[in-house]
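Trainee:
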Amino acid sequence: MKEWSMNRFRRHAWFVACTTLTFAAQAWGGNPDGDLRVEIVTVYNLVVDSNAESPSTYAPKSAYIGAKFCNDGTEPLTNVWAYVGDLDAGTPGTYPSRTHAPLVGPLPGGEFALTHEGGTMGARDATRYIGTIQPGECITVYWLVSYPQLDANGDAVWGPSVKPEDDLWLEYDVWATARDGGAYLQADDSRTLTCRNEISAMANKIWPNGANKVPQEYKDLLNQYAPLWTNTSAVAEPGAILRTEGIWYDLGNVGDGFDNDGDLVPDRNAWLQPVGDPDLFDPSCFRLVRTYVMVIVKLNDGTEQVIVTEDQLYFTQIPANNRGAVGYVMYEFMAIGSGCVSTLTPYQEVASGFDNEKFNGDYGAPGQTLTGGTSLLAIAKSANPIVTRPGSNIAYTVTYTNSGPDPSGRPDIGLPVVIQDSIPTGTVYVAGSATAANVLPSGVGSYTVYYSTNRGLTWSLTEPAVATNVTDVQWWLSDPLPPGGTGTVKFSVTVKNPWPYPSPLVPNTAGLSFGNTTPFLWADAETFLLGNNALGDTVWLDDGTGGGMLGNQLRDGAEPGRTGVTVRLYYDANANGAIDMGDTLFAVTNSGTAGYYTFTNLPDGYFLAEVDIFDTDVPFGYTPTTPTLYSIPLDPARTNVNPVVDWTADFGFAPALSLTKTLASTNAFREGQLATYFLTVSNSLPGDGSGNGSPATFYSWAESGFNEKNDEWFTATNVWIPPG
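Numbering (this note's numbering), first residue to last: 7 to 730.
Right, dumping it as structure tokens:
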């Protein structure tokens, strides 16, 4: 016969709405508090290899903390938040620290503590906004933490002896807050994790050689006859679910182990985990959202006990008459990042003899690789206007699209599509603008808009009374974004006057994320602020017309201006005199009558004026005789309140080649005689025509009466060229 121990939890809707909060030290609220209850579903002991001090050892050093947040009442609990960290200090993501003599910890004062593994989110990952918990529902949240194997002196943290009494122990707190009608609730619990001296046992394997210990009917049930680890997909684009399965792992015999719960009965426990090496895994790229486990415990009377559960990885009170346990585990991750790769390092911990535990002997066997693929969503951002003056408004529009074949976002597990944006520095938010003109995608019921006044430390559903205090805005979709769905959110800001910063650019960046995670897509928009400065000059043909000198970089004689040639103006953000990444195209104009061009209303700063040498209005065969790019400072130090004008950026073009035709003879011709012509092609400019640099020598003499103080050598009128 078979004894079934079933503990199934339904899948629930949970809605995350906030990034990390700052807290004052808080009082403990008890557990439960009213109808709010916290249930920690995590093991008591952490694996530390018995050979931890050996350089060659490789053993688990991280684990997922799991906790269920339950509503035991008859009315919904709202505005539910979940945290892990140090409740007394009010620091989610930072854990209680302590000394443990004679060991020396890595923290100040030689203390030890757990480390939160949040990837790019860091400690912000420790705060999760759940939203509403319906009566009778429980919601499970997982957080990844790491722990030390050795102290600062290289000694194993299981202490000087193999006895359990001197093992390092660490603490963590899990707490939640909620509203039950008008009542504020806070439920919390604390757990101690002890770093145990454990051996790796070859009878305990995540990847055994065969499935001979698995009863045939269970192999038939899963249609799986050999142990394996597999992904449903090796690559998952942001928003997709990736499942990795360990089929027919072998726990070996489950012994007494420790009495962790203090009931004077050995716990006979087992624990399954997907990530033992946090250095190979990025929690900000993949979030563990669900687990499913089947454990088949073989008993010495020929029967089995089968445990089937969701969102539970820790099991106790395995029957004492067991002859071993095998099973199936599925870890469900949601991809929340793009272009990132993580590797699973699964392991399992099992009670061994009295006050002993063991971990799988094949830890480090190839785990599953999870890859965050290219997002099938897109985001674009625009600013209107793109050029304005201090004191004016800028309206931002963010458009997002799902070009994939499947809905995107999982509001049911707290990870819907979220549009994030920040109020640009030097501007203030315009009241009501974040909700005034938004467009919902087809099939999405609503936006929930959140406001922050402290750069995302806390969030509110209500726009603050002083709207100019808003620093960040988020728009949360109530439903998955359907295939082909497109939506738009908008908000406006007012530019401060006077503008307080050296750069005239107002940059702004929007992000697309799932829940309160790091955005996986970004879109930028910039607005350029106008000023009272100007620059410009002339585009002309430096061809020697009307007594000028060909190619001398001066407009002299009757050399004509050239109309219609394109000139571009860039803001030189790094003031290096070159057009490169980060420089902004400010304006484009064409030379007008007589070749003149101007750029007006320019702010203070460094600018780059560039002529288009390939413009079709430059005569064919003409080449530049002047620089084609000028670096022009317009009061970058901002010390002159008056307009600054620069009219020195002129661009000259001259024919590189000239063609003359002459008759070989000057005599009269008679009918029937042969006439010979010579065609002469000359390089009118310096150089030998090879395309490479070459020396060039020019001779000139000062004319009579030359005054070195008043005249310039390069001025053609001051140069006398003798005959011949």
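The C-beta atom is built at its ideal place from N, Cα and C for all residues, glycine as well.
What you are looking at is a predicted structure, and each value in this text was computed from that prediction instead of being measured.
1. Ignore the nearest five residues each way along the sequence and tell me which others in Ser637's own chain have a CB closer than 7 Å to its CB.
2. Comparing C-alpha positions only, which one of Gly438, Trp482 and Gly451 sits nearest to Ala473?
3. Tell me which residues share the same chain as Met127 and place their Cβ nearer than 7 Å to its Cβ, disregarding the 5 neighbours each side in the sequence.
4. Is the distance from the Cβ of Gly91 to the Cβ of Thr105 below 8 Å?
5. Leaving out five residues before and five after Cys3 in sequence, what residues of the same chain have Cβ atoms less than 6 Å from its Cβ?
6. Using the three-state DSSP reduction, which class does Gln230 fall into: helix, strand or coil?
7. Tell me Asp256's beta-bridge partners as DSSP assigns them.
8. Nearest by alpha-carbon distance to Pro272: which of Thr309, Tyr224, Pro280 and Ala326 is it?
9. Could you pull out every residue in the same chain whose Cβ sits closer than 6 Å to the Cβ of Thr407, ignoring the five residues on either side in sequence?
10. For the stretch 527-541 and the stretch 390-399, state whether three or more C-beta atom pairs, one from each stretch, are separated by less than 8 Å.
11. Unbroken beta strand (DSSP E) runs of length 3 or more, entirely within the stretch 343-396: which are they?
12. Only counting the same chain, and skipping five residues up and downstream in sequence, which positions put a Cβ closer than 8 Å to that of Tyr231?
13. Just to confirm my understanding: we take Arg16, look at its own chain, exclude 5 residues before and 5 after, and list those with CB closer than 8 Å. What are they?
14. Leu228 and Ile253 - do their beta-carbons sit closer together than 8 Å?
15. Taking the alpha-carbon of Pro352 as reference, which of Ala73, Asn366 and Asn328 has the nearest alpha-carbon?
16. For the putative contact between Gly343 and Phe620, defined by C-beta atoms under 8 Å, what is the C-beta separation to the nearest angstrom?
17. Quick check on DSSP: helix, strand or coil for Met739?
18. Decide if Ser11 is buried, meaning its Cβ has at least 16 other Cβ atoms within 10 Å, or exposed.
19. Is Lys219 helix, strand or coil by DSSP?
20. Considering Cα atoms alone, identify which of Val404, Arg574 and Gln192 is closest to Pro38.
21. Starting from the C-beta of Arg239, find all residues in its chain whose C-beta is less than 6 Å away, skip the five residues before and the five after it, and write them out in chain order.
22. Return the CA-CA distance between Gln559 and Ala660, expressed in angstroms with no decimal places.
23. Would you kindly work out how many angstroms separate the C-alpha atoms of Gly798 and Leu483, rounded to a whole number?
24. Within the same chain, show all residues whose beta-carbon is closer than 7 Å to that of Gly415, passing over the 5 residues directly before and after it, in chain order.
25. Which residues in the same chain have their Cβ closer than 6 Å to the Cβ of Ala386, if we skip the five residues on either side of it in sequence?
26. In angstroms with no decimal places, state the Cα-to-Cα distance between Tyr456 and Thr433.
27. Check whether the Cβ of Pro411 sits closer than 7 Å to any heavy atom of the ligand SAH, and report yes or no.
28. DSSP state of Ile619, grouped into three classes?
29. Is the number of C-beta pairs between the stretch 369-385 and the stretch 309-317 that are closer than 8 Å three or more?
30. On the DSSP letters alone, give me the boundaries of the beta strand (DSSP E) that Ala443 sits inside.
Mentor: Taking the structure as given:
1. As a first step, residue 637 is located in the sequence shown; it is residue number 631 there, counting from the start. Here the set comprises Asp578, Gly583, Tyr612 and Leu614.
2. To locate residue 473, count along the sequence shown from 1; it is residue 467. With distances taken between Cα atoms, Ala473 lies closest to Gly438.
3. For the purposes of this step, residue 127 is identified with residue 121 of the sequence shown, where counting begins at 1. Closer than 7 Å at the Cβ level, and outside the excluded window around Met127, lie Ser290, Thr523 and Thr524.
4. The residue given as residue 91 occupies position 85 in the sequence shown. The residue given as residue 105 occupies position 99 in the sequence shown. Cβ distance not < 8 Å, so Gly91 and Thr105 don't count as in contact.
5. Given that the chain is displayed from residue 7 to residue 730, the structure contains no residue 3 and the question cannot be resolved.
6. Locating residue 230 in the sequence shown gives position 224, counting from the first residue. It is coil, neither helix nor strand.
7. Counting from one through the sequence shown, the residue named residue 256 turns up at place 250. In the DSSP secondary-structure assignment, Asp256 is bridged to Lys211 and Val332.
8. As a first step, residue 272 must be located in the sequence shown, where it is residue number 266. The shortest C-alpha separation from Pro272 is found at Ala326.
9. The residue given as residue 407 occupies position 401 in the sequence shown. In the same chain as Thr407, and ignoring 5 residues on each side of it, the C-beta atoms closer than 6 Å to its own belong to Ala384 and Thr492, in chain order.
10. Yes, the stretch 527-541 touches the stretch 390-399.
11. At a cut-off of 3 residues, the continuous stretches assigned as beta strand (DSSP E) that sit fully inside the stretch 343-396 are 347-349, 353-357, 363-366, 375-378 and 383-390.
12. Residue mapping note: residue 231 aligns to position 225 of the sequence shown, counting from 1. Hits under 8 Å: Ala217 and Lys225.
13. Here residue 16 corresponds to residue number 10 of the sequence shown, with the count starting at 1. Reliability of the predicted coordinates at Arg16 is poor, the pLDDT of 27 falling under 50, and the value obtained from them is presented with this limitation in mind. Cβ neighbours of Arg16 beyond the five flanking positions: Glu143.
14. As a working mapping, residue 253 is identified with position 247 in the sequence shown. As a working mapping, residue 228 is identified with position 222 in the sequence shown. Contact: yes.
15. The residue given as residue 352 occupies position 346 in the sequence shown. That would be Asn366, whose Cα lies nearest to the Cα of Pro352.
16. Here residue 343 is taken as the residue at index 337 of the sequence shown, counted from 1. Here residue 620 is taken as the residue at index 614 of the sequence shown, counted from 1. About 42 Å separates the two Cβ atoms, so there is no contact after all.
17. Given that the chain is displayed from residue 7 to residue 730, the structure contains no residue 739 and the question cannot be resolved.
18. To locate residue 11, count along the sequence shown from 1; it is residue 5. Because the pLDDT at Ser11 is just 34, under 50, the model does not fix this residue reliably, and the point stays unresolved.
19. Against the sequence shown, residue 219 aligns to sequence position 213. Coil, per DSSP.
20. As a working note, residue 38 is residue 32 in the sequence shown. Minimum Cα-Cα distance from Pro38 among the listed residues Val404, Arg574 and Gln192 corresponds to Gln192.
21. On the sequence shown, residue 239 is found 233 positions in, with the first residue counted as 1. Note that residue 239 corresponds to Ser in the displayed sequence, not to Arg. In the same chain as Ser239, and ignoring 5 residues on each side of it, the C-beta atoms closer than 6 Å to its own belong to Leu248, in chain order.
22. As a working note, residue 559 is residue 553 in the sequence shown. As a working note, residue 660 is residue 654 in the sequence shown. Rounded to the nearest angstrom, the two C-alpha atoms are 9 Å apart.
23. The requested residue 798 does not occur in the structure, where the chain is confined to residues 7 to 730.
24. Position 409 of the sequence shown, counted from the start, is the residue given in the question as residue 415. For Gly415, same chain residues with a beta-carbon under 7 Å away, outside a window of 5 residues either side, are Gly245, Leu421, Pro422, Val423, Leu483, Pro486, Leu487 and Phe520 in chain order.
25. In the sequence shown, counting from the first residue as 1, residue 386 sits at position 380. These residues qualify, in order along the chain: Thr405 and Ala529.
26. In the sequence shown, residue 456 corresponds to position 450, counting from 1. In the sequence shown, residue 433 corresponds to position 427, counting from 1. Those two C-alpha atoms are separated by around 19 Å.
27. Judged by which ligands are present, the structure shown has none, so any question about the ligand SAH falls away.
28. As a first step, residue 619 is located in the sequence shown; it is residue number 613 there, counting from the start. Note: Ile619 maps to coil in three-state DSSP.
29. By the C-beta criterion, the stretch 369-385 is judged not to be in contact with the stretch 309-317, since fewer than 3 inter-stretch pairs fall below 8 Å.
30. Indexing the sequence shown from 1 puts residue 443 at position 437. In the DSSP assignment, Ala443 falls outside any beta strand (DSSP E), carrying neither H nor E.
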